[in-house]
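Engineer: Those sequence lines, one after another, are chains L and Z. In this text, residue positions in the first sequence follow this note's numbering: the first is 234, and each later residue adds one. In this text, residue positions in the second sequence follow this note's numbering: the first is 234, and each later residue adds one. All C-beta atoms in this analysis are idealised placements derived from N, C-alpha and C, irrespective of residue type, glycine included. Here it is, the structure, as structure tokens.
2 protein chains.
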Amino acid sequence: MVSALEKNKKHKLKMQRQKERIDSQIAKNKLERGIILLLTGDGKGKTSSAFGMVLRALGYGQNVGVVQFIKGQQLSGEELYLKNKLPGVEFYQMGTGFTWDTQDRSADIKAAEETWAVASKMLQDQDLDLVILDEITYMLSFKYLDSDMVIEAIKNKPHAQSVVVTGRGGGATLREIADTVSEVKEIKHAYNNGMKARKGVDY
Amino acid sequence: MVSALEKNKKHKLKMQRQKERIDSQIAKNKLERGIILLLTGDGKGKTSSAFGMVLRALGYGQNVGVVQFIKGQQLSGEELYLKNKLPGVEFYQMGTGFTWDTQDRSADIKAAEETWAVASKMLQDQDLDLVILDEITYMLSFKYLDSDMVIEAIKNKPHAQSVVVTGRGGGATLREIADTVSEVKEIKHAYNNGMKARKGVDY
Chain L
234 MVSALEKNKK HKLKMQRQKE RIDSQIAKNK LERGIILLLT GDGKGKTSSA FGMVLRALGY
294 GQNVGVVQFI KGQQLSGEEL YLKNKLPGVE FYQMGTGFTW DTQDRSADIK AAEETWAVAS
354 KMLQDQDLDL VILDEITYML SFKYLDSDMV IEAIKNKPHA QSVVVTGRGG GATLREIADT
414 VSEVKEIKHA YNNGMKARKG VDY
Chain Z
234 MVSALEKNKK HKLKMQRQKE RIDSQIAKNK LERGIILLLT GDGKGKTSSA FGMVLRALGY
294 GQNVGVVQFI KGQQLSGEEL YLKNKLPGVE FYQMGTGFTW DTQDRSADIK AAEETWAVAS
354 KMLQDQDLDL VILDEITYML SFKYLDSDMV IEAIKNKPHA QSVVVTGRGG GATLREIADT
414 VSEVKEIKHA YNNGMKARKG VDY
């Protein structure tokens, strides 16, 4: 039997080694600039993760811009919060509803272009610390927006600005220019087990 | 060459079919209750996703409780925001620092147990619509908390309450009892390319 004392000793040694590894990695990392973060994949959690980063940035009093492509016509919880409680955040929504609701390709393209005009301004705004481009990847896969144009604009963002891109897919070039890429995989989803989408959780 | 008109027509048909599929799925889903959501995997975005759901719930005026296990001693952006701007949210942090900082197994276990006491109360509170158990999975893998005890408490949450569990791993039983499981996979991380962790993005 291993005594509690021995367990504690072993633990301390292990943690000391782990701390050394972590500290040496931290010491090695010297680059400081805003990053490009891609949150992709088919699982739940991409948009909410972007909004969590909005909170994170606001905690330090940073300036934030949020642009949402493809959204239902009803405001979701995080959008209500943004509109009502966070007037300091620059917030723009395409707001035409889902593309299967509009069923109008030309109108969708026009709305996408108008929304992009707002987004591309934010991507040039030195004062914004964080810009969220929520679900913009669909604009690329539907070819509503030119992929090269969007990627160039993201690449040319101000040095200190971080950009978060969310949505399934996005293409190889977007993955390439991103500093961090997380793929959110759906292992299972309540929706496929007869559960209604839930206020405060799903929207 | 396909004319723009034809493209629009084809698009409309395709979207009509998609809308039918989506509407029929929505009509089929009749279950309404709070869900258990597990955000796991090694990628960036789990904690921020949980905090995004906090915003989502607050947008509807819901009541939220957040318990954070394993945290640095410095407050991160989302924690600062929660403490300073959202006094209505019940918020508790283990706050002993990372386990590789404390290097003290007995003290870690004691802190984990104290933190669990707060969490388990929240999991019995009918008034809370959403409870976040941030990074609790590590308490299970380190065996700081008894896995069966934690899983029973989550399973027995109030009917309408949703619970979000974050952290790598978590074990098979937790995956089983969860309604929705997303695995956030690290495709790449700026940290591995010499980039410093960034305020408002990483913490």
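Taking the straight line between their C-alpha atoms, what separation do you get for L/D362 and Z/A283?
Structural biologist: L/D362 and Z/A283 have their alpha carbons spaced roughly 22 Å apart.
Engineer: In the DSSP assignment, what residue or residues form a beta bridge with Z/G298?
Structural biologist: Z/E323, Z/V364
Engineer: Tell me whether the beta-carbon of Z/D367 lies closer than 8 Å to the beta-carbon of Z/T280.
Structural biologist: yes
Engineer: Which class does L/T335 belong to by DSSP, given the choice of helix, strand or coil?
Structural biologist: It is helical.
Engineer: Within 8 Å (strictly less), CB to CB, does L/R401 reach chain Z?
Structural biologist: The beta carbon of L/R401 does not come within 8 Å of any beta carbon belonging to chain Z, so the residue lies off that interface.
Engineer: Name the chain L residues whose beta carbon is nearer than 7 Å to that of Z/A423?
Structural biologist: Going along chain L in sequence order, the residues near Z/A423 (Cβ under 7 Å) are I268, D412, T413.
Engineer: Less than 7 Å between C-beta atoms, sequence neighbours within five positions excluded: which residues of the same chain meet that for Z/G433?
Structural biologist: Taking C-beta separations shorter than 7 Å and ignoring five residues to either side along the sequence, the partners of Z/G433 in its chain run G310, following chain order.
Engineer: Would you list, in chain order, the members of the stretch 313-325 of chain L that have their beta-carbon closer than 7 Å to a beta-carbon of chain Z?
Structural biologist: L313, Y314
Engineer: Whole angstroms is fine: what's the gap from L/V383's alpha carbon to L/T332's?
Structural biologist: 20 Å
Engineer: L/R431 to Z/E265, Cα distance in whole Å?
Structural biologist: 8 Å
Engineer: Whose C-beta lies closer than 6 Å to the C-beta of L/K390 among residues of the same chain, with five residues either side of it excluded?
Structural biologist: L356, V396
Engineer: Can you find the residues in the same chain that come closer than 6 Å, C-beta to C-beta, to Z/E323, ignoring five residues on each side of it along the sequence?
Structural biologist: Cβ within range, chain order: G298.
Engineer: Under a Cβ-count criterion, where at least 16 other Cβ atoms within 10 Å of its own Cβ denotes burial, should Z/E385 be classed as buried or exposed?
Structural biologist: exposed
Engineer: Just verifying my parser: in three-state terms, what is the DSSP assignment at L/K261?
Structural biologist: helix
Engineer: Taking the beta strand (DSSP E) that Z/L272 falls in, what are its first and last residues?
Structural biologist: 269-273
Engineer: Closest by CA to L/A340, which one among L/K263, L/L378, L/M428?
Structural biologist: L/L378
Engineer: Leaving aside the five residues before and after Z/M286 along the sequence, list all residues of the same chain whose C-beta is less than 7 Å from its C-beta, in chain order.
Structural biologist: L363, V397
Engineer: Is the distance from the Cβ of L/V414 to the Cβ of L/A352 below 8 Å?
Structural biologist: Result no, Cβ atoms of L/V414 and L/A352 do not sit closer than 8 Å.
Engineer: DSSP on Z/V396, reduced to helix/strand/coil?
Structural biologist: Under the three-state reduction of DSSP output, Z/V396 falls in the strand class.
Engineer: In chain L, what lies closer than 7 Å to Z/S282 by C-beta?
Structural biologist: G278, S281, S282, G285
Engineer: Let me confirm a value: L/E239 is counted as buried when at least 16 other C-beta atoms fall within 10 Å, else exposed. Which label applies?
Structural biologist: Classification for L/E239: exposed.
Engineer: Which term fits Z/R338, buried or exposed, when burial requires 16 or more other beta carbons within 10 angstroms of its beta carbon?
Structural biologist: buried
Engineer: Kindly indicate which three-state DSSP category L/V434 falls into: helix, strand or coil?
Structural biologist: coil
Engineer: Can you find a CB in chain L that lies within less than 8 Å of the CB of Z/T329?
Structural biologist: Contact with chain L is absent for Z/T329, since none of that chain's Cβ atoms lies less than 8 Å from the residue's Cβ.
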